[in-house]
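In this note's numbering, the protein residues as written are 142 to 414. Report on the following structure.
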């Protein structure tokens with residue numbers, strides 16, 4: 142009995158002695174590997190910071206890099222210990238596939254958020270038109286973007302469709318062009334009408350002198366001669382210039398006796414005799 146125990150102890154001791162170098166190498170690999178993974182992750186984070194990448198995107202990408210590196214280190218350690226890592230990789234792949242299929246929409250939104258934050262087609266505070274809505278960007282998260290509509294509603298838009306669709310950034314530029322169309326009657330003095338319209342629009346102090354304001358006859362319509370007027374203003378003054386310009390031109394044309402045609406229909410009644 143004692144000899145059997147001694148044999149078992151001897152075998153265990155031999156296996157322990159044989160396994161000790163592998164265990165030591167595995168521990169060294171684990172320590173050094175985790176250190177290198179953290180070091181590389183920090184370098185990656187600093188590199189993103191120098192490129193002025195958004196903080197949220199920087200943390201997210203750095204976390205992904207760190208997880209991938211640490212998984213690689215753990216697989217290397219298991220390989221050193223003699224564990225067949227092929228099965229682990231297959232299991233991880235299966236779990237990743239199942240996870241991806243289950244969260245396909247969320248992952249799409251997450252990827253869209255990364256693209257929006259990296260490419261920066263808009264920033265918080267910009268007014269954009271996207272996905273059939275217009276609003277001011279309140280915040281950009283990794284999954285959703287929040288817009289505040291002109292009537293003070295908050296819209297939460299998934300980043301996936303937003304990143305893959307057309308984005309009209311209305312206020313990204315400091316200036317915008319305001320386009321007007323005014324019609325006058327065929328019987329009115331064309332040159333006078335042109336002068337009155339141009340003077341009225343350009344008298345607004347918010348209208349910029351550069352680029353130069355433009356006015357021209359754009360069409361000889363069914364019941365009117367149409368003028369197109371194009372002026373530039375600061376983006377913040379766009380709607381004020383637009384609304385005030387329409388009102389002021391109407392008042393100026395009325396004061397100068399110039400008509401603004403509107404659709405009319407003559408009805409002739411024939412009485413039976």
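We put the CB at the ideal spot given by N, CA and C, even for glycine. Being a predicted model, the structure only gives us computed values, none of them experimental.
Just to check, is the beta-carbon of residue i closer than 7 angstroms to a non-hydrogen atom of the ligand SAH?
{"i": "residue 178", "result": "As for the ligand SAH, it is missing from this structure, which has no ligand bound."}
On the three-state DSSP scale, how would you describe residue i?
{"i": "residue 343", "result": "helix"}
{"i": "residue 299", "result": "strand"}
{"i": "residue 188", "result": "helix"}
{"i": "residue 323", "result": "strand"}
{"i": "residue 266", "result": "coil"}
{"i": "residue 316", "result": "strand"}
{"i": "residue 92", "result": "Here the chain covers residues 142 to 414 and nothing more, so residue 92 does not appear."}
{"i": "residue 355", "result": "strand"}
{"i": "residue 366", "result": "strand"}
{"i": "residue 349", "result": "coil"}
{"i": "residue 372", "result": "strand"}
{"i": "residue 293", "result": "coil"}
{"i": "residue 249", "result": "helix"}
One question on the structure: do residue i and residue j come within less than 8 angstroms of each other, judged by their Cβ atoms?
{"i": "residue 174", "j": "residue 203", "result": "no"}
{"i": "residue 319", "j": "residue 382", "result": "yes"}
{"i": "residue 415", "j": "residue 271", "result": "Because the chain here runs from 142 to 414, residue 415 falls outside it and cannot be looked at."}
{"i": "residue 250", "j": "residue 207", "result": "no"}
{"i": "residue 255", "j": "residue 267", "result": "no"}
{"i": "residue 178", "j": "residue 210", "result": "yes"}
{"i": "residue 184", "j": "residue 214", "result": "no"}
Classify residue i: buried if its beta carbon has 16 or more other beta carbons within 10 angstroms, exposed otherwise.
{"i": "residue 410", "result": "exposed"}
{"i": "residue 403", "result": "exposed"}
{"i": "residue 303", "result": "buried"}
{"i": "residue 374", "result": "buried"}
{"i": "residue 379", "result": "buried"}
{"i": "residue 368", "result": "buried"}
{"i": "residue 161", "result": "exposed"}
{"i": "residue 182", "result": "buried"}
{"i": "residue 164", "result": "exposed"}
{"i": "residue 257", "result": "buried"}
{"i": "residue 190", "result": "exposed"}
{"i": "residue 394", "result": "buried"}
If residue i sits next to residue j, beta carbons under 8 angstroms apart, how far is it from one beta carbon to the other, in whole angstroms?
{"i": "residue 372", "j": "residue 343", "result": "7 angstroms"}
{"i": "residue 296", "j": "residue 276", "result": "6 angstroms"}
{"i": "residue 334", "j": "residue 399", "result": "5 angstroms"}
Looking at C-beta atoms only, is the number of pairs between the segment 335-347 and the segment 293-312 that lie closer than 8 angstroms three or more?
Contact fails: fewer than three Cβ-Cβ distances are below 8 angstroms.
Any chance the segment 278-296 sits against the segment 361-380, with 3 or more Cβ pairs inside 8 angstroms?
The answer is no - the segment 361-380 does not touch the segment 278-296, with fewer than three Cβ pairs under 8 angstroms.
Can at least three beta-carbon pairs, one atom from the segment 378-395 and one from the segment 319-335, be found at a separation below 8 angstroms?
Yes, the segment 378-395 is in contact with the segment 319-335.
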